[in-house]
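Here is the structure we will look at.
Numbering (our numbering), first residue to last: 28 to 289.
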């Protein structure tokens, strides 16, 4: 906190502190330091090419923290076994203190989600194995019910939520870090010539969110906009164009409206 106070302007401090807390809870202190290192590079560029608002640092910090804490099976399991979640559901059910509320989770893990949680080499093998794919689809095809208010159900998800130490070696972790760094590189490259456009490119990360199909659709839309960036730079108003594409993708998850604009 002292480092942030002494280094960054007041307008971005709260976002940075939130990012540190979020990445630490998600993984560990080292991961939070990696978050700060990424934002430090953006801030240095903001000092040179910015307009004094530090909007680029603010937006990049917000979306970097969100991306670094992507929703994988480990995080989803952790959310489902939080004590405050049980308290909230108990309250929403209007149950009395002496009443027991049963919670049944309906899970539908896809092959990709299973592979993403595994170490990189093993995850790639799972994706390429037709027999394993068929087995996973057979088990989870109709969904899996987990009673998190039973000892077995709760323990199952609790154990999954405690797999943070192996997350760094997982297939998805490595893929996400490459995507994050590529996006940040693009943001910083654009900022040297068009600061306002760089801020819009930073906000485009808002498309990458959620879990399962929602995440897949959002990432596909994000990639479409990033691929369009070279042509966008040559347009009459690239800032308005990127904003138009992003808003179209946000308005319609499947990407049909975005593809129509493209």
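Backbone N, C-alpha and C fix where the C-beta goes; we use that ideal spot for every residue, glycine too.
Taking residue 131 as the centre and dropping the five residues before and after it, the same chain places the C-beta of 172, 174 closer than 7 angstroms to its C-beta, in chain order. Proximity to residue 244 across 282, 102, 220 peaks at 282, based on C-alpha coordinates.
In this structure residue 127 is exposed. Its beta-carbon is surrounded by fewer than 16 other beta-carbon atoms within 10 angstroms.
For residue 105, same chain residues with a beta-carbon under 6 angstroms away, outside a window of 5 residues either side, are 188 in chain order. Note on residue 107: 16 or more other CB atoms within 10 angstroms of its CB, so buried under the neighbour-count rule. Across the set 165, 54, 87, the C-alpha of 87 shows the shortest separation from the C-alpha of residue 40. Boundaries of the alpha helix (DSSP H) harbouring residue 138: 138 to 144, taken from the DSSP string. For the segment 214 to 286, the continuous alpha helix (DSSP H) assignments of 4+ residues that do not extend past its boundaries occur at 222 to 230, 240 to 260, 265 to 278, in sequence order. For the pair residue 154 and residue 142, the CB atoms are nearer than the 7 angstroms cut-off. A direct Cα-to-Cα measurement between residue 237 and residue 227 gives close to 21 angstroms.
Using a Cβ distance threshold of 7 angstroms, residue 224 and residue 235 do not count as a contacting pair. Residue 81 sits in coil when the DSSP states are folded into three classes, being neither helix nor strand.
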